[in-house]
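**Q** Below you will find the structure I want to go over with you.
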Amino acid sequence: MKKVFTHENRMIVYNLRNLLVGAGIETRVRNEFAGGGVGELAPFETWPELWIEDEARLAEAEAIVDRVLRAGDDADWSCPACRESNPAAFDICWKCGHPGGEGEP
């Protein structure tokens, strides 16, 4: 197993977990409930951690995490089917489900 990400906000960790699982990469979240240890432990040691089961897929998992983390810097895109504005991190239109995102104006 290899750790691929950690963050103080467990919702961010779980969002990335869902993306990795969607890509067929088995994951585990560690320290999910360790927040109660703050004070006895350093705060960053209690952050939820995202680990992958298959170390051979580490590069793929890291690429997915990196793409998502960088997506905040990308421009929003307009759906070619319904013209709805979508955040850059979305690969499909949130309104109609049409594929888009990367490469779409």
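At the far end of the sequence shown sits residue 113, using the numbering used here, and the numbering has no gaps. Positions of the beta carbon are idealized from the N, C-alpha and C atoms, including for glycine.
Out of curiosity, what's the CA-to-CA distance linking A69 and H15?
**A** Distance between the alpha carbons of A69 and H15: 16 Å.
**Q** How about D82: is its C-beta nearer than 8 Å to some C-beta of chain D?
**A** Looking at the structure shown, chain D is missing, and only one protein chain is on hand.
**Q** Is it buried or exposed for G108, if we count other Cβ within 10 angstroms and need 16 for buried?
**A** So G108 counts as buried.
**Q** Do you know how far the Cα of T54 is from the Cα of E112?
**A** Low per-residue confidence applies at E112: pLDDT is 41, beneath 50, and the placement is therefore not dependable enough to give any value.
**Q** Does W85 pass the burial test, meaning 16 or more other C-beta atoms within 10 Å, or should it be called exposed?
**A** W85 should be labelled buried.
**Q** When you compare only the Cα positions, how much space is there between N94 and R36?
**A** The alpha-carbon atoms of N94 and R36 are separated by roughly 30 Å.
**Q** Can you tell me whether R25 is buried or exposed, with buried defined as 16 or more other CB within 10 angstroms of its CB?
**A** Result: buried.
**Q** What ranges does the alpha helix (DSSP H) occupy inside the stretch 13-94, keeping only unbroken runs of at least 4 residues that lie completely in it?
**A** Counting only runs of 4 or more, we get 18-30, 66-78.
**Q** Our contact map puts A75 next to E40 with C-beta atoms below 8 Å; I'd like the distance itself, whole angstroms only.
**A** In the sequence on display, residue 75 carries Arg and not Ala. Between E40 and R75 the Cβ distance is about 24 Å, and since that is not below 8 Å, they are no contact.
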